[in-house]
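Report on the structure given below.
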Amino acid sequence: MPRPQLDARPAPARAPADADGGAGGPAGRAPHIIAIANQKGGVGKTTTAINLATALAATKVRVLVIDLDPQGNASTGFGIAREARRQDTYRLLSGDLPLSQAAIPTQVPGLSIVPAGVDLAGAEVELVATEQREQRLTEALGAATGAGVDYILIDCPPALGLLTINALVAAHAVLIPLQCEFFALEGISHLMRTIERVRGRFNPALAIQGIVLTMFDKRNNLSDMVAQDVRSYFGDKVYRTVIPRNVRVSEAPSHGKPVLLYDVGCAGSKAYIQLAGELIRQHRTLAA
Ligand SMILES: Nc1ncnc2c1ncn2[C@@H]1O[C@H](COP(=O)(O)OP(=O)(O)OP(=O)(O)O)[C@@H](O)[C@H]1O
Ligand SMILES: [Mg+2]
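Residue numbers (full-length UniProt numbering): 1 to 288.
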């Protein structure tokens, strides 16, 4: 299995999110921005964005999801109708819409989303010719400071193009889902090199928030082996919580619901609730 380099620098210390719901929180408070990235397709980025966001919102923090993937899976997973995607990430990136207008509420209290509309597919190409093309999202998300948002989760596409670079430049930290399968670490060196380049040129403080193992199948020895291998290499950067392969998790998006709303008692929901708890404790520890 390839052995990528992982910079162990911690996620930046910041005050824990406001447990009272964030409304009217301290003026100027900046949200914690997490890019959920892995250029490998189908590893659970979107599923993690949707369900981690929902589990965080359930703890009464205010969460914003940015759907930065032209596939629009996060928007679909929240049940956002096509017609409601006219105010979208594309218009946010192009400066056509401020964040306050691009973000729309979801069925989850305290959770809003900037959906991905059809135009986002062209953004990758169009961005190339624009000024400060890597910093478009950073600029757009500046408006979130002081707006009462505690966490921003960015669902990245399965590529390391300009959209993902925009996410890495705008984020404080990267959360990397790894699927429990033999080629889990394939391509991670490439992601790490991209993170290094972004640190060098745009965002020196970019941290690794953590690695989350997804689609773990307890009946399959390979899942165990991959999990052990990833832990022995990445150490405490790997969350203790492992997301199990769970049919309810895969069914939920077709109902336009996060799994926590679809079946709160299933193993997948419990795992995402546990992951949110780990992430919140991670912040408290770092901020203490
Ligand atoms: N824990 C899980 N149990 C069962 N199925 C899952 C689980 N997590 C994700 N899936 C399914 O695996 C597929 C890929 O997941 P997902 O869309 O979250 O990956 P992704 O990394 O966002 O993919 P892409 O790279 O295409 O954006 C989806 O069909 C999803 O429903
Ligand atoms: Mg996805």
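All C-beta atoms in this analysis are idealised placements derived from N, C-alpha and C, irrespective of residue type, glycine included. All values derive from a computational prediction rather than experimental measurement.
Annotated three-state conformation of Val61 is coil, per DSSP. Relative to the non-hydrogen atoms of ligand 2, the Cβ of Thr46 comes within a distance shorter than 8 Å of at least one. Within the DSSP bridge table, the entry for Gln274 names no partner. Counting along the chain, Thr241 sits inside the beta strand (DSSP E) bounded by residues Val238 to Pro244. In the DSSP assignment, Tyr151 forms a beta bridge with His32 and Val63.
Residue nearest to Phe182 within the set Ser250, Pro31, Met225 and Asp88 is Met225 (criterion: CA-CA distance). Looking at the DSSP output, Pro105 shares a beta bridge with Ser112.
Short of 6 Å from the beta carbon of Arg62, and not among the five residues preceding or following it, lie these beta carbons of its own chain, in chain order: Gly22, Gly110, Gly148, Val149 and Asp150. The three-state secondary structure of Gly187, taken from DSSP, is coil. Here the C-alpha atom of Thr164 lies approximately 10 Å from the C-alpha atom of Thr194.
Contact annotation: Asp229 and Arg248 have beta-carbon atoms that are not nearer than 9 Å.
Cβ neighbours of Gln87 within its own chain (closer than 7 Å, five residues either side excluded): Leu97, Gln101, Ala102 and Ile104. The closest heavy atom of ligand 2 lies 8 Å or more from the beta carbon of Pro258. Remark: C-beta atoms of Thr145 and Arg136 do not approach each other more closely than 9 Å. Burial check for Thr48: the Cβ neighbour count within 10 Å reaches 16 or more, so the residue is buried. Relative to the Cα of Gln282, the nearest Cα in the group Pro204, Pro177 and Ala173 belongs to Ala173. Judged by beta-carbon spacing, Ile176 lies within the 9 Å limit of Ile211, meaning their Cβ atoms are closer than that value. Look at Ser75: its beta carbon is at least 8 Å from all of the heavy atoms in ligand 1. Look at Asp69: its beta carbon is less than 8 Å from one of the heavy atoms in ligand 2.
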